[in-house]
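There are 2 protein chains.
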Amino acid sequence: MRIIINRNADTPVYLQIKNQVRDMIFSGILPADTLLPPERSLAKELEVNRSTVIKAYQELKADSLVDSHVGKGTVVLSHTVKKTALPDSYINPLPWYQFFTDSINAGTDNIIGDIMAMTGDSGVISFAGGIPASNLYPVEILKTIQTELFTTANRELFLHSPVEGYYPLRESISHLLRQRQIAASPKDVVVLSGSQQGLDFAARIFIRTGDTVLVEEPTFFGAIQIFRSAGARVIGVPIDQEGMRTDVLEALLIRHKPKFIYTLPTFQNPSGVSMSLERRYQLLNLAYQYQLPILEDDPYGELYYDRPPYPPLKALDRHGYVIYLSTFSKTLFLGLRVGWVSGPPQVLAKFAHLKQLTDLHVNTPAQFLLDEFIRRGYYEKHITLVRQEYSARRDAMLKALEKYKVPGTKWDKPEGGYYIWCRLPDNIIRHKLVANAGNRGVVFLPGETFYPDGTQGDTRIRLNYTFTNQEQIQTGIKYLMQAVRETTSLDDNQESERNIKPLV
Amino acid sequence: MRIIINRNADTPVYLQIKNQVRDMIFSGILPADTLLPPERSLAKELEVNRSTVIKAYQELKADSLVDSHVGKGTVVLSHTVKKTALPDSYINPLPWYQFFTDSINAGTDNIIGDIMAMTGDSGVISFAGGIPASNLYPVEILKTIQTELFTTANRELFLHSPVEGYYPLRESISHLLRQRQIAASPKDVVVLSGSQQGLDFAARIFIRTGDTVLVEEPTFFGAIQIFRSAGARVIGVPIDQEGMRTDVLEALLIRHKPKFIYTLPTFQNPSGVSMSLERRYQLLNLAYQYQLPILEDDPYGELYYDRPPYPPLKALDRHGYVIYLSTFSKTLFLGLRVGWVSGPPQVLAKFAHLKQLTDLHVNTPAQFLLDEFIRRGYYEKHITLVRQEYSARRDAMLKALEKYKVPGTKWDKPEGGYYIWCRLPDNIIRHKLVANAGNRGVVFLPGETFYPDGTQGDTRIRLNYTFTNQEQIQTGIKYLMQAVRETTSLDDNQESERNIKPLV
C-alpha cells in the first residue's frame, strides 16, 4: 500500500492518509476484505505518529469504508463502485478539442486581452489600447460618494439589482441621453456590463449561422470577433471622410440581405471619422426602405474637441429602427464595466432576457456609484475636463507626427474620440515594424486588425493618444517614426539593427 | 411648415426648431430651393422670440442645410439624400420577431427575474429566491476595507483587470479551494461574473445544436434554461437520497451520448440532497470509462449545518475530467456578481476567450474588495456566522412545518444549503395553491420549474429558509400550510375563499 505524505501541504497528514486509502478503495486498488496494515507498522513506514494513522483509520470507518474488529484488524468493506472502477493506466486524458464547438476551436484570437496585458508593462509606451487617462480618474470624489453610500444605502449596496438595472441609474442615463438629443425614458434603457456585452447580446439575439452583418471597413475588431463567433458572415462597407459610403451600402444591402448594419457613426474606431449629417439620414432612409435594424455603437460621441458632433442616429430615427449602445468605459474608466443599450421595447425585452440568463445583473455597488456621480453633476464636469486633456494630447501627437514625419506617412486630424489612423509608406515591411517598434518599447495596433477580411490595412496603424501623457507621446512617436524609417527598405533596416536604442 | 414646440423639453427651443426643419429637409418634406418663412413671421407663428428663430436658421446654415441671401430670404439647399428619402407614411415599423433567432423567440421565461422582483416586495414573505440573509452582510468591515483601498489601490481600483481576473483574488480563491481539498493554483482559476456566467460559457464552449446534456432531475432551472438556449437537449437523471442514480446514468450515457454531465453534488438545488461518497466515485468512474466531461456546480458546499460534506468531485478527480464552478453569491451576497471556474488549462483558455469576447473582465473594485476580505480572514469568520444563522433558520422552518403539518406533506431535513424540497398531498390543486398562498403574501417556487420536461414535480415546492428571519418563517409556513389545506379539495377551497386573511 503506497502512500505519499506531503508535509508542506495544507491538508493535515491524517487526512492525506485517509484520502489516499479512500481513493485506493474506490478505484479498486484495495478490493473488499483487504486487510489494511496495522496502525503501528504503517506509522513506522510513513514516519508519522501512530495517533495520526489511528485518526486516519477512524475517519475511514466513519465513512463506512473500512471496519475494524479486535484481533482481526482493519478490513476494507465492499463497495458497488468497484464494479465500474478502472485501473488508472486505462484512464485517458480527455481530448478536449473534440468536445469544443467549431467557433470555440476557431476563436483563439485574444487581441484585446493581449493589448491590456501589453499596456500594463511599465516602460512600454502604449498607443495600442483604447483606455482613458488614469491620472484623470476622479478618485477623491468617488471615495466621498462611496463612503456616503455605505451609510445611506448600506445593505442595499450588496443586494441583487433588477435585471434591467438599478432604476435610479437608468434615470440618470436617460438624462444623459437627452443631452445627446435622444428621447429615452428610464424604461427604454437596460444597463449592461459594458457596451461590449451589448454587442454580444445583439449577436445572440439576431444572428443565425450564415447570416450576414454589414460593418464599416475598417471597424472595431471586437465587433468583428463577436459577430463571427455567433456564426455571421461579416461584410465591410468602405468609409470616406463622410463616414460609411451609403452609395456602396445600397448595393451591398441588395446583394447580401444582411441581418443588421453595425456602425460607429461618431469619431469612428479606428478611423476617427464622423458620419456627415447627410449620410446619417441616407443610412436611416436605406434602413427604412430595406427594413433593416441598425446597431449604433457610440462610446466616443461625448469626446469632441472642436465642435459638438452631429446627433446620434438614434436621435434622428423617428421609426424605432436603431438599437443604441454606449458606455462609461471611454469617458470615465474601464474598471467598473458599465454600459447600456437603448432601443425598441421588443428588443430591450430580449436584452433583459439574456442578461437574466447569463449573469443576472450588473454589479450593484458600481450602479449606485455611477448614479450618484451623474446625479451630483460630476459626470458633466468630468467630461469637460477629459475633453480639454484629450484634445491637448491629440494635438501633442499631431505635432510629434509632424516633427518626426517620415515621407509617405499620412493622417487626418480627428475631431474627437481616441485615435489617429495613420497611413504608412507603401514600401513598409509591416511585420518588421511591429518588432522594430517593440524593441524601442512602443506598441500600437496594426491596421489589418480592423478589416473583416484581414487582407487590407497593412499600411495603416491605429495610434491611441488618450492613455499616454504628452511627454510619452513625444518620445513614443519619435521612436515609432525611427522604426518606420528603418523598416521602409531592407537595407536601412539591417543598417539600423545596430543602433537600436531600447527605451527600457 | 408645421413645427411643434415643447416648452418643457430639455432641448432648447431654437434647437427644437432647427432639428424639425432639418428632419423635414432630409426626409424630403422640404425639397431643395424651398423658401423658408421669414424669421419674423415664423417667430410670430410659434410664439417665440425672433432671436430664437434667427439662431435656429443660423444653425441650419452652419450645417449647410440652408443658405440665406439678403432680400431673397432663407432657401433650402439640395441634398442627395432626397433621392432615397421616403414619406413617413411609407415607413413601416420593423417586424422584430422576424429578426430574432429561434431560441431568442422561444426564450421568454424570466423566472429568476420574476423571483428577484417578487422578493423585493415589502410585506411579502418570500421562500422563493436563493438569496442570502441581508442582515448578515458584513457592511462595516467592507466599508473599512473599501475606504483603505481608495488610498492603497487608488486608481488601480478603476483600471481594467486581466481577462482571467485580478491575480491576488485568484490566489485567495486558490486558497479557499485548498480548504475544499481542491488543489488548484491561482492560474487554474478564472474569475467570472457569478457562476451563472460559468454555466453560460460552458454552454457556449461545448454545446452544438442537437447535443444532449445530462442533468440531475430535479435541478437548477437556470442551468436548464441556459443549456436549452444553446440548443441542447436536456435529459434528466433521477436522484435519490444518495444523489444522482449512477445505475440509471450508465444506461442514459449509452443511449444519449451526452456532451457533458451537469451536477450539483453537494446540498443540491432544489432537493438539498448530497451525493454519497460512493456515488461520487461511481460518477467519476463512469466519466472516465465513457470519456465525458463533468460540469460540477458547487455554490452551497461550504454551507453545512451538521457535518462537513464529502469532497467535491473536483477534489476526487485525478484525471482532469471535472470543470468546477463556484461563487460568493450564496455565502456573502449576490450584488457583487463574482464567481469562478477551475478546470483543465485547455478549458480555462476557452473560458478566458469568452470572457474577453463578451465583457472583458469582472468589475475591478469588486475583485479588490473580495480579495482583501478573504486575505484578512473575514471570509472564514463570515462562513462560520452564516452556518449558525442558516442552520437555525432551517430548524425554524422544519419546526414550523411540523407544527402546521398538513396530512400528505413530506420533507427531508437538509444537511446544508438553502432549501427544503417539500412534498404536497397528491390531491393538491397546484395552480390554485400559488394564488391562494399569494393572497396570503407567501411566495415559493413550484416543483415543475426544476424538471427538464416540466411535467413532473407538480406535487413538490421549493422552500428557501435563508432569506427570511425565524419570525417570518413561522408566519409564512403557517399561512402556506393553511393555503395547502384549503387547496387539497375543491370544496374546502371554495369554503376558504371567504376567510382568507391577507398578510398585507
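Just so you know, the protein sequences line up as chains A and B, in that order.
Residue numbers for the first sequence follow this note's numbering, beginning at 14 and rising by one.
Residue numbers for the second sequence follow this note's numbering, beginning at 14 and rising by one.
No residue lacks a Cβ here, since even glycine has one placed at the ideal position from N, Cα and C.
Being a predicted model, the structure only gives us computed values, none of them experimental.
Which runs of the beta strand (DSSP E) spanning at least 3 residues fall entirely within the stretch 350 to 414 of chain B, listed in chain order?
352 to 355
For a quick check, are the C-beta atoms of Asn376/B and Leu347/A less than 7 angstroms apart?
no
Which residue marks the beginning of the alpha helix (DSSP H) containing Glu460/A, and which one marks its end?
Looking at the sequence shown, residue 460/A is not Glu but Gly. Unbroken run through Gly460/A: none, as it is neither H nor E.
May I have the straight-line CA-CA distance separating His188/A from Tyr478/B, to the nearest angstrom?
40 angstroms
For Asn1/A, the first and last residue of its enclosing beta strand (DSSP E)
With chain A covering 14 to 517 only, the question about residue 1/A has no answer from this structure.
Give me the residue from Val226/A, Phe280/A, Pro306/A and Thr232/A with the minimum Cα distance to Arg268/A.
Val226/A
DSSP beta-bridge partners for Ser81/A?
Thr87/A
Among Leu28/A, Arg63/A and His92/A, which residue has its Cα nearest to the Cα of Gly41/A?
His92/A
Chain A contact for Tyr337/B (CB, 7 angstroms cutoff)
no
Whole-number beta carbon distance between Leu338/A and Asp310/A, since they are thought to touch under 8 angstroms:
5 angstroms
By the criterion of Cβ-Cβ separation under 7 angstroms, what are the contact partners of Asp23/A in chain B?
Arg191
Note down, in chain order, each residue of its chain lying with its Cβ closer than 7 angstroms to the Cβ of Glu402/A, except the 5 sequence neighbours on either side.
Ala146 and Leu149
Proximity test, Cβ basis, 7 angstroms: Leu516/B and chain A
Unreliable positioning characterises Leu516/B in this predicted model, as indicated by a pLDDT of 46, which lies under 50. The coordinate reading is nonetheless provided below. Leu516/B does not count as touching chain A.
Measure from the C-beta of Arg20/A to each C-beta in chain B and report whether the shortest distance is under 7 angstroms.
no
Just to confirm the assignment, what range does the alpha helix (DSSP H) spanning Glu52/B have?
Glu52 to Leu59
Indicate the three-state DSSP secondary structure (helix, strand or coil) for Asn105/B in the structure shown.
coil
Hey, Arg325/A and Arg193/A are a contact pair by Cβ (cut 8 angstroms); roughly how many whole angstroms apart?
According to the sequence provided, residue 325/A is Pro. The question's Arg does not apply to it. That pair is a contact at about 6 angstroms.
In three-state DSSP terms, what is Tyr431/A?
coil
Rounded Cβ spacing between Asp46/B and Val89/B (contact assumed at less than 8 angstroms):
6 angstroms
Which of helix, strand or coil DSSP assigns to Lys343/B:
coil
Residues near Asn19/B in its chain [Cβ-Cβ closer than 6 angstroms; skip 5 each side]
none
How about Gly476/A and Phe234/A: do their beta carbons lie closer than 7 angstroms?
The question names Gly, yet the displayed sequence has Leu at residue 476/A. Contact: no.
Measure the C-alpha to C-alpha separation of Ala119/A and Ala264/B and round it to an integer number of angstroms.
34 angstroms
Got a sec: which bits of the stretch 360 to 379 of chain A sit with their beta carbon under 9 angstroms from any beta carbon on chain B, in order along the chain?
Val360, Ala362, Lys363, Ala365, His366, Leu367, Lys368, Gln369, Leu370, Thr371, Asp372, Leu373, His374, Val375, Asn376, Thr377, Pro378 and Ala379
Can you tell me where the alpha helix (DSSP H) holding Arg292/B begins and where it ends?
Leu290 to Tyr303
Given this structure, state the Cα-to-Cα distance separating Pro51/B from Thr87/B, to the nearest angstrom.
7 angstroms
What's the C-alpha gap between Gln29/B and Val335/A?
21 angstroms
At least one CB of chain B closer than 7 angstroms to the CB of Asn167/A: is that the case?
yes
State yes or no: is the beta carbon of Gln238/B nearer than 7 angstroms to at least one beta carbon in chain A?
yes
Taking 7 angstroms as the threshold (C-beta atoms), are Ser206/A and Asp384/A in contact?
no
Given that Val247/B touches chain A, what residues does it touch there, using C-beta distances under 9 angstroms?
Ordered by position in chain A, no residue passes the 9 angstroms Cβ test against Val247/B, which lies about 14 angstroms from the chain.
Going by C-alpha distance, which of Leu277/A, Asp115/A, Gln238/A and Gly489/A is nearest Met8/A?
A query on residue 8/A cannot be resolved here, the shown segment of chain A reaching from 14 to 517 and no further.
Can you give the Cα-Cα distance for Tyr391/A and Leu308/B, rounded to whole angstroms?
45 angstroms
Give the straight-line distance between the Cα atoms of Gly142/B and Gly356/B, rounded to the nearest whole angstrom.
29 angstroms
Could you compute how far the alpha carbon of Thr165/B sits from the alpha carbon of Val447/A?
36 angstroms
Straight-line CA distance for Lys68/A to Tyr179/A?
53 angstroms
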